[in-house]
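Participant: Structure in structure tokens, see below.
2 protein chains.
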Amino acid sequence: MKKNLEFLSKALSLLPEVKETLVPPKEGQFFSKPLGKGDSVTIDFGKHLVGHLQVKMGYVNSHPDAPVWIRFSFAENLKEFEENVENYQGWICSAWVQQEQLHFDLIPGEYTLPRRYSFRYVKIDILDISSKFNLVIEDVMAIALSSADDSKLKSYHNVHKELEQIDHIACHTLHDCMQKVFEDGPKRDRRLWMGDLRLQALANYETYQMNDMVKGCLYLFAALPMQNGQVGACVFLEPEPEVDDTSMFDYSLLFVAALWDYYVETKDREALEDLWETAKMQIVLAQKQVGNDGVVKDCNKLGWCFLDWSLELNKQAGAQGVLLYAMKSAVAIAKEIGKDHDAECIMKTYELYRKAAKMHFYDEEKGLFVSGDCRQISYASQVWMILGDVVDEQSGIRILHDVATQTEAIEMITPYMYHYYIEALLKCGDKTEALSVMEKYWGGMARLGADTFWELYNPNNPDESPYGGTIVNSYCHAWSCAPAYFLRKYYSEK
Amino acid sequence: MKKNLEFLSKALSLLPEVKETLVPPKEGQFFSKPLGKGDSVTIDFGKHLVGHLQVKMGYVNSHPDAPVWIRFSFAENLKEFEENVENYQGWICSAWVQQEQLHFDLIPGEYTLPRRYSFRYVKIDILDISSKFNLVIEDVMAIALSSADDSKLKSYHNVHKELEQIDHIACHTLHDCMQKVFEDGPKRDRRLWMGDLRLQALANYETYQMNDMVKGCLYLFAALPMQNGQVGACVFLEPEPEVDDTSMFDYSLLFVAALWDYYVETKDREALEDLWETAKMQIVLAQKQVGNDGVVKDCNKLGWCFLDWSLELNKQAGAQGVLLYAMKSAVAIAKEIGKDHDAECIMKTYELYRKAAKMHFYDEEKGLFVSGDCRQISYASQVWMILGDVVDEQSGIRILHDVATQTEAIEMITPYMYHYYIEALLKCGDKTEALSVMEKYWGGMARLGADTFWELYNPNNPDESPYGGTIVNSYCHAWSCAPAYFLRKYYSEK
């Protein structure tokens, strides 16, 4: 399918301006210290930020007679400084590593580094300098970038100060991912992913309320469909708006849920009507993957359905759950805009799929959902079956408690999956357990000193990287901002 | 002494505009070849140039989903590519090495690298790139910079095609060093040195005739004296015009010779009058280094007097020769502008020093000049004693022939010293030997494929670097442009 230029133009007009804020370093004790070859300075800006670095450099001794060769390393997490890009052997592109070698021909001078970085810490290593002079860092300033306006953020109150802190970190995470679009992570990828957008939008409604930005992002996805009309897993904004060639079963379907969320929040009927065809198309395309037995066909193509950052997780049951979940939103949208026939058709199919799901995936003996030919037990399968209404709340709560006792159950990896786990717990009425999970999981990152929440967090191995090195980990990742949504919506003392 | 702001403003108004010329690569066979991690492309621009690099980059396969990390290496001489900056252990600052690591966030895109380089060859190494796409170099262009105008350069004719080629290379060397000022080398140092300026100015009069540029440079030196009024060895133009804290006995004195040369060429009396006090001051200051015996005191301070790039060379006799040489120019200037008393005084002192030089430095037994307590024999000492008129032409020619038979005589290292050797040969009337030296020395570089003449050339070891690595050698160095001066002035078929 071609780009929808009307939607694209609407999308671009809705996207916000990115604002600049000057942030000084937390401490300035490095100023005026003369630096020679091999010397190094580490600067702490006191909080995570996204943006540019300004450096004012002077010198002592003779007039500079050669360029200065400097490495700038940017870290969201101090442990990134323990690794060097030259030693990184992971599979993800090491061009993401925020280490820059620059030559400065003119000293004294004020320089703004041209690229954008995501960091709290900056390390400056003098790789070489003429023996005739020493460098002096006279001033350093970060130009922080975000489209979120902190003055519009209401403070969150809770007697448990740890919860206030978790909310604060979650808001900060969202804030730093809010640029021209909702980026997944400002350090790495730096683009709009559908699954991430859905969670960011939910948190946004409770915090910064940049609802036009959500709308712009939804229109972007609708404007840039893949060949067959599917919503892509992600889109690029620059150099030109383009959809990626990656699609994922669940991410495309979450467009439907995100559209409905947006309408519930804004009552923006125009958007609902504009984007209905795109939403409906996602259901139609997903149905093509459903067999005559009403069950999503399993697939061994890597990444066909996301659910969680796990290679061993079987996605079949989860995919069925996401489809059911999206169909509920589709029915709600269709009803709202008077597409009664569509609503009826989808509802009918939904009921078929729901029953098929129960029949196919529920293991009566184990009392749990299983997935794939291997009849794999996982948190993800239970969560999505519950969110798809395959069981009632009472069974749901029993299942969620039982799966926790199964040592062979595939665990959750990402805060993204944890979001839906919390949602499932809340849906089944277990507010206490939901809160306890947030305190353990997101609280765990907070206790490790996180300024922003991470792309991945394994409480049993906090340094884990699925990429082969923490220097490419994203320590500010928007799909991790869930607590701002849940705490403010369900645990607020108003 | 303070800056002379009137001279400075005059200087800056005289300095030329640097013009841009687009230069395409010699061959474009690398275009459209998809490049992955570890791939490399070498581009030949067909000639040495100074300037910026423009690259247009596209891609094949999936949309770029990560930055591309590229190393650009710039070489004047292909052999620079055999060395890596990480392995360079020499004493000169490795920040001069023209290797740049850059990250490109947006592909496709057209980029101009921000810094200026001096190169004929560019090597592009893809240090890392996402596995989802390959880079395609769609176009490369150099933006060559020079203030010299080739359309104003008359062609040089000689039946010996090799001499035409040597002249061509010398002109090209000068051309690429002519930027805002006469730079010593556009790759390294990139600034105005007094000794180099004098030779560039001489070559300029026979070639590009940018005489206002010479004048601007002379005013710059005069505008930016050192504390005691001495002309510095070099000045910086950026970020602000400043004199370096390096001075050299001979370089300061050559200001006087360069001023007289300029007047002989232009008859610009205003400049002669303006700059006389500066010229005279150089003689006065040099005289302070002369003992009661009329001989320049030897000094063991490294670099007190340049003469040649040699640590073992004793500079005493050479320094005396340069002083005598400069005094002759000073007398000529003083006479020309009616400072008869000054002319007389300097002439009288000159005669004293000249006799003292003969008495002190001439070894009757050896028939050669010796220098220092060690009574060292060198080419440099003979050349400068001859140029200082310590012996007549007949003795001079005998001495120059004899020194060549002395195996212990300290050889010449740089084209800079060779220039004065040629001048001494011509002064003594040996045009044949002077030409033969040019054919051997500069012709030797030409036969090794030089596009421009080098900072250093040792015929017995062409890869020699006094800096500990050829990657910091300057292969386009203005003090090497002498043949353009000598060939056009003394060996022209008009």
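Top line first, the protein sequences correspond to chains W and F. The first sequence lines up with residues 4 to 497 when you count with the working numbering. The second sequence lines up with residues 4 to 497 when you count with the working numbering. Ideal placement from N, C-alpha and C gives every residue a C-beta, glycine not left out.
Looking at the structure shown, is MET213 (chain F) part of a helix, part of a strand, or coil, going by DSSP?
Facilitator: Three-state result, MET213 (chain F): coil.
Participant: Would you please verify whether the beta carbon of VAL71 (chain F) is less than 8 Å from any beta carbon of chain W?
Facilitator: Interface residue, yes.
Participant: In chain order, what residues of the segment 122-137 of chain F put their CB closer than 7 Å to some CB of chain W?
Facilitator: Flagged, chain order: ASP131, ILE132 and SER133.
Participant: Please confirm whether ALA98 (chain F) has its beta-carbon closer than 8 Å to some beta-carbon of chain W.
Facilitator: At least one chain W Cβ lies under 8 Å of ALA98 (chain F).
Participant: Return the residue from the list F:SER398, F:LYS430 and F:LYS126 that minimises the CA-CA distance to PRO28 (chain F).
Facilitator: Checking every option, the nearest Cα to that of PRO28 (chain F) belongs to F:LYS126.
Participant: With a threshold of 8 Å between beta carbons, is LEU227 (chain F) in contact with chain W?
Facilitator: So, not an interface residue.
Participant: Determine the closest residue to GLU245 (chain F) out of F:GLU339, F:MET350, F:MET229 and F:ALA260, with distance taken between C-alpha atoms.
Facilitator: Ranking the options by Cα distance to GLU245 (chain F), first place goes to F:MET229.
Participant: Could you check whether the segment 135-143 of chain W touches the segment 25-39 of chain W, counting it as contact only if at least three pairs of C-beta atoms, one from each stretch, sit closer than 8 Å?
Facilitator: Counting Cβ pairs under 8 Å, three or more are found: they touch.
Participant: Short of 8 Å in beta carbon distance, which residues of its chain neighbour VAL440 (chain F), apart from the five on each side in sequence? Order them along the chain.
Facilitator: Here the set comprises TYR421, TYR424, ILE425 and LEU428.
Participant: If contacts are defined as beta-carbon pairs under 8 Å, then VAL26 (chain W) and MET181 (chain W) qualify, I think. What distance do you get, rounded to the angstrom?
Facilitator: Incorrect: roughly 16 Å between the Cβ atoms, too far for contact.
Participant: Closer than 7 Å, Cβ to any Cβ of chain W: which residues of the segment 245-266 of chain F, in chain order?
Facilitator: Within the segment 245-266 of chain F, the qualifying residues are GLU245, ASP247 and ASP248.
Participant: Taking C-beta pairs closer than 7 Å, name the residues in chain W that GLU241 (chain F) reaches, listed in chain order.
Facilitator: Those are LEU109, listed as they occur along chain W.
Participant: Would you check if the segment 267-287 of chain F and the segment 300-318 of chain F touch, i.e. whether three or more CB-CB distances between them fall below 8 Å?
Facilitator: No, the segment 300-318 of chain F does not touch the segment 267-287 of chain F.
Participant: Answer with yes or no whether the minimum CB distance from ARG118 (chain F) to chain W is below 8 Å.
Facilitator: Chain W contact via Cβ: present.
Participant: Closer than 8 Å is the cut-off here; do at least three beta carbon pairs connect the segment 263-280 of chain W with the segment 326-343 of chain W?
Facilitator: Output reads yes: the segment 326-343 of chain W touches the segment 263-280 of chain W.
Participant: Check for me: the alpha helix (DSSP H) holding GLN397 (chain F) runs from which residue to which?
Facilitator: First-last of the alpha helix (DSSP H) with GLN397 (chain F): 396-406.
Participant: What is the DSSP secondary structure of LEU451 (chain F), counted as helix, strand or coil?
Facilitator: Note: LEU451 (chain F) maps to coil in three-state DSSP.
Participant: With SER255 (chain F) as the anchor, note down where its alpha helix (DSSP H) starts and where it stops.
Facilitator: Segment 252-269, the alpha helix (DSSP H) holding SER255 (chain F).
Participant: Would you give the residue range spanned by the beta strand (DSSP E) that LYS22 (chain W) belongs to?
Facilitator: Note, LYS22 (chain W): beta strand (DSSP E), 22-26.
Participant: Kindly provide the ranges of any beta strand (DSSP E) runs that are 3 or more residues long and lie completely inside the segment 35-84 of chain F, ordered along the chain.
Facilitator: Listed in chain order, the complete beta strand (DSSP E) runs (minimum 3 residues) inside the segment 35-84 of chain F are 43-64 and 71-78.
Participant: Ordered along the chain, which non-local residues of its own chain (more than five positions away) have a Cβ less than 8 Å from that of ILE132 (chain W)?
Facilitator: Only LEU38, GLY39, LYS40, ALA69, VAL71, TRP72 and LEU138 meet the Cβ criterion.
Participant: Flag GLY112 (chain F) as yes if its beta-carbon sits less than 8 Å from any beta-carbon of chain W, otherwise no.
Facilitator: Yes, its Cβ sits closer than 8 Å to a Cβ of chain W.
Participant: How would you call MET4 (chain W), buried or exposed, if buried means at least 16 neighbouring beta carbons within 10 angstroms?
Facilitator: Exposed.
Participant: Using DSSP with H/G/I as helix, E/B as strand and the rest coil, what is CYS302 (chain F)?
Facilitator: Note: CYS302 (chain F) maps to coil in three-state DSSP.
Participant: Identify whether ALA151 (chain W) lies in helix, strand or coil by the three-state DSSP scheme.
Facilitator: Three-state DSSP puts ALA151 (chain W) in coil, outside helix and strand.
Participant: Taking DSSP's pairing of strands, which residues face SER121 (chain W) in a bridge?
Facilitator: Its beta-bridge partners are W:VAL53.
Participant: By Cβ distance, which residues of its chain are closer than 6 Å to TYR120 (chain W), with the 5 residues on each side in sequence left out?
Facilitator: Within the same chain, TYR120 (chain W) has close Cβ partners PHE77 and GLN101.
Participant: Would the segment 314-329 of chain F and the segment 366-384 of chain F be scored as touching if the rule is three or more Cβ pairs under 8 Å?
Facilitator: Counting Cβ pairs under 8 Å, three or more are found: they touch.
Participant: Can you give me the C-alpha to C-alpha distance between LEU15 (chain W) and ASN214 (chain W), rounded to a whole angstrom?
Facilitator: Computed Cα separation, rounded: 14 Å.
Participant: Note down the Cα distance separating GLU436 (chain F) from HIS404 (chain F), rounded to an integer number of angstroms.
Facilitator: If you take the alpha carbons of GLU436 (chain F) and HIS404 (chain F), they lie about 10 Å apart.
Participant: In chain order, what residues of the same chain have a beta carbon less than 6 Å from the beta carbon of ASP301 (chain W), not counting five sequence neighbours either side?
Facilitator: Only GLN319 and GLY375 meet the Cβ criterion.
Participant: Give the residues of chain W in contact with HIS66 (chain F), contact being defined as C-beta atoms less than 9 Å apart.
Facilitator: Going along chain W in sequence order, the residues near HIS66 (chain F) (Cβ under 9 Å) are PHE239, GLU245, VAL246, ASP247 and ASP248.
Participant: Just to confirm the assignment, what range does the alpha helix (DSSP H) spanning GLN285 (chain F) have?
Facilitator: Counting along the chain, the alpha helix (DSSP H) containing GLN285 (chain F) begins and ends at 272-290.
Participant: Any beta carbon from chain W within less than 8 Å of GLN104 (chain F)'s own beta carbon?
Facilitator: Yes, contact with chain W.
Participant: Where does the unbroken beta strand (DSSP E) through THR115 (chain W) begin, and where does it stop?
Facilitator: It spans 112-115 - the beta strand (DSSP E) in which THR115 (chain W) sits, taken as one unbroken run.
Participant: Cutting at 6 Å between CB atoms, please list the residues of its own chain near ASN80 (chain F), excluding the five before and the five after it.
Facilitator: Contacts found: TYR478.
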